Amino acid sequence: MSIDLNSIAWFDNDYRPLSECNVNISTHALQYGTMVFGGVRGYYNINLGQVFLFRLAEHCQRLLRSTRIMQMQSPVEADEMATILLELVRRNEYNCNVYFRPFIYKRDLQLSPRLHDVNDNFAIYSLKLDDYLDTTRGMRVCVSSWRRISEDHIPTRSKASGGYINSALAKSEAIQNGFDEAIFLDHNGFVSEGSAENIFIVRDGKLITPPIGSSILEGITRRSIIELANFLQIEVVERNIARSELYICDEAFFCGTGAQVAWIGEIDRRTVGSGEIGPVTSALRDKFQKIVIGEDTDFDHWLSPAYS
Ligand code: PMP
Numbered sequence: 006m007s008i009d010l011n012s013i014a015w016f017d018n019d020y021r022p023l024s025e026c027n028v029n030i031s032t033h034a035l036q037y038g039t040m041v042f043g044g045v046r047g048y049y050n051i052n053l054g055q056v057f058l059f060r061l062a063e064h065c066q067r068l069l070r071s072t073r074i075m076q077m078q079s080p081v082e083a084d085e086m087a088t089i090l091l092e093l094v095r096r097n098e099y100n101c102n103v104y105f106r107p108f109i110y111k112r113d114l115q116l117s118p119r120l121h122d123v124n125d126n127f128a129i130y131s132l133k134l135d136d137y138l139d140t141t142r143g144m145r146v147c148v149s150s151w152r153r154i155s156e157d158h159i160p161t162r163s164k165a166s167g168g169y170i171n172s173a174l175a176k177s178e179a180i181q182n183g184f185d186e187a188i189f190l191d192h193n194g195f196v197s198e199g200s201a202e203n204i205f206i207v208r209d210g211k212l213i214t215p216p217i218g219s220s221i222l223e224g225i226t227r228r229s230i231i232e233l234a235n236f237l238q239i240e241v242v243e244r245n246i247a248r249s250e251l252y253i254c255d256e257a258f259f260c261g262t263g264a265q266v267a268w269i270g271e272i273d274r275r276t277v278g279s280g281e282i283g284p285v286t287s288a289l290r291d292k293f294q295k296i297v298i299g300e301d302t303d304f305d306h307w308l309s310p311a312y313s
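In terms of this note's numbering, the sequence shown has 150 at position 145, counting the first letter as 1, and numbering is strictly consecutive.
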């Protein structure tokens, strides 16, 4: 996961080498975390010579919704944002898996933590990215000692950079204690999500995931997994999940743009199910992996091809 300063980014209304896309140290967003971001994956299909951006319209729409929470004015509409993202695939001549980071940030040089009367800017950079988490083996995870920020602290659905301090605290604690990832509980003590992933568990063949009210990000992969489960006639329940259910469930997995579908083998030193990837998780993961590279066309409306 490395950033190429020669790659072409979008900054100040134009395509420029990333090395030229810089901000002043007194920028509001840098001082106060007043930036909202998205994360979009491009999947390379070598046989088709194509890069597909996954659920591009939904990602652009969510980013614009985040700006409303943060009283920002996006300089671009959703359609324009999507067009720029597709153009960046072509300008960088990507023929690999790639991750885009579009974001809107408070650009003024201002000394005051506020949302109003600060001007905004829009930028995108990208990097080559295969797996963000190792999805070939079961993840070893722990319940974090940090609670998920709640709606009345920092709305998690805003995907605001400042809120990611919460994720960073949990992720580092987990890694430094020898785990791969953390699971947050919400302010009521129910399971919320991972540091940058939504979570699903399986109990008696039913797929269960925390509801929107459990301080989760409204994940686009989460929604996709629910649609896939409906398609595969797997029952889906959105309800509060108690911590102890993590210890007795048959299967568990994270999902997200970075994580994709990452199965969990162990939670708080208790083996999940048989300790192997379970049938519901593998059915969903396999279908998801084929869809994103355009090999399974059941959900091809989720894909935006970059090359004609
Ligand atoms: N929760 C958090 C906190 C995240 O940062 C992410 C990654 N964007 C997700 C869940 C997964 O969301 P998505 O599927 O839209 O990437």
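Idealized CB from N, CA, C, for every residue including glycine. The structure presented is a predicted model; accordingly, all values stated were derived computationally and were not measured.
Presumed contact (8 Å Cβ cut-off) between residue i and residue j, rounded CB distance
i           : j           : result
residue 132 : residue 91  : At roughly 17 Å, the Cβ-Cβ gap does not stay under 8 Å, so residue 132 and residue 91 are not in contact.
residue 148 : residue 271 : 12 Å between Cβ atoms; not a contact.
residue 130 : residue 23  : 6 Å
residue 245 : residue 284 : About 25 Å; that fails the 8 Å criterion.
residue 124 : residue 151 : With a Cβ gap of about 33 Å, residue 124 and residue 151 do not count as contacting.
residue 2   : residue 312 : Residue 2 lies beyond the range of the chain shown here (6 to 313); nothing can be said about it.
residue 153 : residue 191 : 5 Å
residue 107 : residue 37  : With a Cβ gap of about 20 Å, residue 107 and residue 37 do not count as contacting.
residue 114 : residue 39  : With 8 Å as the limit, residue 114 and residue 39 do not qualify as a contact, their Cβ atoms being about 13 Å apart.
Residue(s) in a DSSP beta bridge with residue i
i           : result
residue 15  : 20 and 129
residue 49  : 56
residue 275 : 272
residue 40  : 110
residue 214 : 243
residue 260 : 203 and 266
Short Cβ contact (9 Å threshold) for residue i with residue j
i           : j           : result
residue 173 : residue 71  : no
residue 212 : residue 204 : no
residue 226 : residue 260 : yes
residue 200 : residue 220 : no
residue 41  : residue 77  : yes
residue 104 : residue 262 : yes
residue 175 : residue 195 : no
residue 223 : residue 231 : no
residue 140 : residue 275 : no
residue 235 : residue 241 : yes
Closer than 9 Å to chain B by CB, residue i
i           : result
residue 117 : Protein chain content of the structure displayed is limited to a single chain, and chain B is not contained in it.
In chain order, which continuous runs of the alpha helix (DSSP H) of length 4 or greater are located wholly inside the segment 72-98?
83-96
If we require 4 or more residues per run, which alpha helix (DSSP H) segments fall completely within the segment 165-194?
169-181
Going along the chain, which unbroken runs of the beta strand (DSSP E) with 3 or more residues stay wholly within the segment 109-156?
Runs of the beta strand (DSSP E) inside the segment 109-156: 125-133 and 144-152.
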